Each structure stands twice: as structure tokens, then as C-alpha cells.
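Here is the structure we will look at.
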Amino acid sequence: MSDAPSIPATTRRARFAAWLCQDHRYVLLGTSAVAFVGMWFSSQPRPALSFLAHAFTVEVVMYYVLVAWLVLSAVGLVFKLTHWNTYSQVAPFVKPGARRALRLGSYVIWALAIVLFVDRAVMGFASAWTAAAASTGMPQDDMLTQILYMFQQGYATYLQGILTTIELAVFGTAIAFVLAMLLVFVRIQRIDRPDNDFVRFWKKVGVGFAKVYSTVVRGTPMLVQGVIIYYAGFGLFSGSGMSVTEINAVWSRFIAGLVVISLNSTAYMMEVLRGGIESVDKGQMEAARSLGLSQWQAMVKVVFPQGIRYAIPGLSNELVINIKDSSVLSVIGVFDLAFAASTIAGIYYKQLNAYLVIAVFYLIMTATASWLLGKLAKRLDAKTEPVLGVSNQMKAGGEK
């Protein structure tokens, strides 16, 4: 086995990227894809605010420059295929002057593609936004204009849905974390020699309750849980003689949704914490017990602080998951982002348009949460992992 120090992954990636950029063949082939994209943008209709609308000749020149690069790339590829073994000796592209020319040419191709992207995509969006703002009714000609018109008319509804979704996800995850810490201590209890019969009995009851709770909650959809919890709570208050108005003041749909998310996340976070605790070397517990600590003291002071570090990525996942899974609570009337979309869609009879808007919002929220949680995990020196999963993904300890 070699004693040479291993090269960090980041250094290896940097070296590979440098090699890739220096090789003229990859400059040709990689930039040819950019040229193709630029040609595609050039073939699209010019928007109203296009700054190339009155520069037809310039755009034609740009288009044929992109075509020329594609032709040059095809020639390079054919030359490589026909001179496979002697390419590095006979190819004209390997000369220093040709390499510099290709490098400069790739910069030109990127610049042209960016200009066409701005003219067609960015200015197209700006044109659609302006047209939607000036429209007095639902536009009939362009889907993007329709989407922007619906957003402009219903932005207050979307904003309320976004705020509700964030509140449900953040507060629900925080409450679930506290409950999960309590339940996980119950879940991992073991019979200890000093325990009397009373303590042994309650430990068995607690462990059994935690197992049943985890199985039931993780084995049923949140949508079904939401319907059961909301209407069960409503029936409970109704049976006490309260009126509908009084019940709504105490058991609102938002409160019911918060309870559903909290109880659902508790089961998953409990298993994540249990997996983190069980990842700690068993010798840590044995060493703590040998120093005279009780099972509870060893768990709180030694094992749990180490276990929670392993569980941080999984616990962070739950926030991102709750942002998305809160959408099912619209079935009980919680005014989240999904309910806002159904409201807007019901006004304009454009379901696809309304849900495309919230798809963008959900993506922004989950991406932002993932980035922030990644920063937190890095600061805490915890191993990060993707956090755009769903609530039935593997959480910890090989369980689902």
C-alpha cells in the first residue's frame, strides 16, 4: 500500500476542471452545445421589448457565427474519428496558435449566446410582465402573459399562502423536535439492574407506546392524518356544547394543520434521533457507566450530545419536507400555498397556470431552506446530505 498522501476531492475536481478547459477538443465540443442553444434562442420570436428587433443584420451575423462554430466542431470531431491514433501529431487544432484562437472563439460564442438569451428570455419575460400589467382582462394569446396576469391579480393571495406555509413548516418542525427528544428518550430505554418492578413496567409501556406511535404515524399518509385529526378535534369540541364560531376560535384550521405537521414530524424525527444515538460507539455508554453515571446521566451527558450531531442532516431534512408536505393540508381548508393556488385557479379556470406559479415558489423555498441548513450543518461540522427528499425516504438506522 502506498504511503503517498491522498489528494482532497476538491483539489482533484479543480485539476480535472483545469485539464478539461485546457483541452481544445472539449473547448470545441462543449462550446458547440452553447452555440446550439444560442441558435435555438435566435430562432424564437422576438418579444416586444427585444433590443435586437431593429438590428436584423447584426442578429443574422451572430447566427451564422454560431453555425460556423458548429461546423468547426463537426470538422474537429470527424478529424478525431479518422485520425484516432495520430490526432495529437497531425491535427491542426493542436498547434499553440490554433489553441489560442479556439479559446478566444469560445469566449465569443458564449457572449453571443448570452446576448441572445437576454434578448429572447429575459426581455421576453419583461415584455410578458408589461403586457400582463396593462391588460384589463385575462390575456388570450400567451400562456406566460396569462400566468403573470394571474400572479399580479392574486399576489396577495399567494403571499398569504407562502407565509402560512412557512409558519406551518417552521413552527411544526420546532415543536416536533421538542416532542421527538422526549419520545426518543422513552424509545431507547433499556431495563437496568437497579430498576424496580414499577420502573420496569413503565419503561416497557413507554417503549411500546413509542414503537406503536412511530409505526402508525409513519405508516399512514399525512393527508389522512389531517382529515382524522381535524374532524376528530372538531367533533370533540362540538360534543362539549360549543358553537361552530366558538370552535373555530379554539380549533382553527391553521391550529389543526400545525398539530398534524408536529405529530407527523415527531415520529420521523424520533427515528432520526434514535439512529444518531445508536451510531455512537457503545463503548461511550460503557465508559460513562464505569465512571459511576446512571443510565439516564450517561445518555444525557455523553451519548446524546454526540448522537445529535449525527442526526443533524436528517433533522434538517424534516424542515424542507414539511415545506412541501404542508400542501396536503389544503384538504382540510388550511390556507397554505396549495390552497391559494386552488383559489386563484377557481377564479380564472386556469389550473395549470396557477399551479406552475406555486411550483416556482415551492422550489425557491426548499432551495433556500436547503442552502441555509447546509450552512448550519457545515458550521456545526455535521455531515451534509441532500435535503430535497420526501417524508417516506430512509431516515436513519436503515428504517423507512
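When we follow my numbering, the leftmost residue of the sequence shown carries the number 11, and every step to the right adds one.
Idealized CB from N, CA, C, for every residue including glycine.
Everything numeric in this text was worked out from a predicted model, so none of it was measured.
- Minimum length 4: unbroken alpha helix (DSSP H) runs contained in the segment 225-284: 232-249 and 254-260
- Task: State the DSSP-derived secondary structure class of residue 360, mapped to helix, strand or coil.
- Result: coil
- Message: Quick check on residue 32: does DSSP put it in helix, strand or coil?
- Response: Summary for residue 32: the model assigns pLDDT 44, below 50, so the residue's position carries little reliability; its value from the coordinates is reported in the next sentence. Reduced to three states, the DSSP call for residue 32 is helix.
- Residue from 251, 86 and 178 whose Cα sits closest to the Cα of residue 346: Comparing Cα-Cα distances from residue 346 to each of 251, 86 and 178, the minimum goes to 178.
- Message: Quick check: the Cα distance between residue 39 and residue 85, rounded to an integer number of angstroms?
- Response: 11 Å
- Message: Whole angstroms are fine: how far does the CA of residue 101 sit from the CA of residue 333?
- Response: 55 Å
- Backbone secondary structure at residue 219 - three-state DSSP: helix
- Message: Between the alpha carbons of residue 322 and residue 387, how many angstroms are there, rounded?
- Response: 7 Å
- Cβ neighbour criterion (16 or more within 10 Å) applied to residue 199: Buried, since its Cβ has 16 or more Cβ neighbours within 10 Å.
- Query: Between residue 115 and residue 79, which are expected to be in contact by the criterion C-beta below 8 Å, what is the C-beta distance as a whole number of angstroms?
  - Reply: 7 Å
- Message: Measuring straight from C-alpha to C-alpha, what distance separates residue 353 and residue 138?
- Response: 23 Å
- How is residue 208 classed by DSSP in three states: helix, strand or coil? Helix at residue 208.
- Message: Taking the straight line between their C-alpha atoms, what separation do you get for residue 164 and residue 355?
- Response: 10 Å
- Whole angstroms is fine: what's the gap from residue 413's alpha carbon to residue 368's? Absent from the structure is residue 413, since the part of the chain shown begins at 11 and ends at 410.
- How big is the Cα-Cα spacing for residue 272 and residue 148? Roughly 40 Å separates the two Cα atoms.
- Other residues of its chain near residue 93: CB distance less than 8 Å, five sequence neighbours each side excluded: Only residues of its own chain outside the window of five on either side were considered, and among them 100 and 101 have a CB closer than 8 Å to the CB of residue 93, listed in chain order.
- Task: State the CB to CB distance for the pair residue 220 and residue 196, rounded to an integer number of angstroms; the pair is presumed to be in contact (CB under 8 Å).
- Result: 5 Å
- Straight-line Cα distance separating residue 186 from residue 224: Taking the CA atoms as reference points, residue 224 sits about 13 Å from residue 186.
- Task: Using a threshold of 8 Å, state whether the C-beta atoms of residue 134 and residue 57 are closer than that.
- Result: yes
- Query: Are residue 76 and residue 68 touching if we call contact CB-CB under 8 Å?
  - Reply: No, Cβ-Cβ distance for residue 76 and residue 68 is not below 8 Å.
- By how many angstroms is the C-alpha of residue 372 removed from the C-alpha of residue 155? So the alpha carbons of these two residues sit roughly 21 Å apart.
- Item | Element boundaries [alpha helix (DSSP H), containing residue 309] | Note, residue 309: premise wrong, no alpha helix (DSSP H); not H, not E.
- Quick one: grab the DSSP three-state call for residue 198. coil
- Can you say whether residue 72 is buried or exposed, counting buried as having 16 or more other CB atoms within 10 angstroms of its CB? buried
- Query: Exposed or buried, what is residue 250 when buried is set at 16 or more other beta-carbons lying within 10 Å of its beta-carbon?
  - Reply: exposed
- Item | Where the alpha helix (DSSP H) through residue 160 begins and ends | Counting along the chain, the alpha helix (DSSP H) containing residue 160 begins and ends at 153-163.
- How many Å lie between residue 257 and residue 359 at the Cα? Their Cα atoms are separated by approximately 33 Å.
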